[in-house]
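Counting from 1 along the sequence shown, just add 1 to a position and that's the residue number in the numbering used here.
No residue lacks a Cβ here, since even glycine has one placed at the ideal position from N, Cα and C.
Everything below concerns the one structure shown next.
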Amino acid sequence: MKVNGYTAKPSQQVTVGDTVTYRFQGFDRILEVTKILKTRVGAPIAQTAYIDHSPPRPDPYVMMSIPRRARGTGRPTKRERRALDKLRGYDTNEGRL
């Protein structure tokens, strides 16, 4: 968790205008504090105390289309690794004479 780009301690005080960044379920959330609440309140009221500047999450169906190696197949062979490097655009002979 970070406040204004710096790592925050649990007792960190925030003020109006501060930016709070934290990771939730593998994605960053960026919140701007608009008002300070003195008491504990419910979620609908708490949502009025910040502005969410987080980028939209990617579509889960698009993420599923990424090819994955079957579980339990072990490490790729040298031939498979070279084919993967070629597919990704890496030069496997880079740095060799």
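Do residue i and residue j have their C-beta atoms closer together than 8 Å?
i	j	result
R58	F28	yes
T16	E33	no
L38	A44	no
L85	P77	yes
Using the rule of at least 16 other Cβ atoms within 10 Å of the residue's Cβ for burial, across every protein chain shown, is residue i buried or exposed?
i	result
Y1	This structure gives no information on residue 1, because the portion of the chain shown stretches from 2 to 98.
Y51	buried
To the nearest whole angstrom, what separates the beta carbons of residue i and residue j, a pair I think is in contact under 8 Å?
i	j	result
T22	K36	The pair is not a contact, with the Cβ atoms about 19 Å apart (cut-off 8 Å).
Using CA atoms only, rank isn't needed, just tell me which of the options is closest to residue i.
i	options	result
S55	A9, L88, R24, Y91	R24
D31	R41, G18, P61	The sequence given here has Ile at residue 31, not Asp. It is G18 whose Cα lies nearest to the Cα of I31.
Looking at the structure shown, is residue i part of a helix, part of a strand, or coil, going by DSSP?
i	result
K123	The first residue shown for the chain is 2 and the last is 98, placing residue 123 beyond what the model contains.
R41	coil
R24	strand
K3	strand
T74	coil
R82	helix
T49	helix
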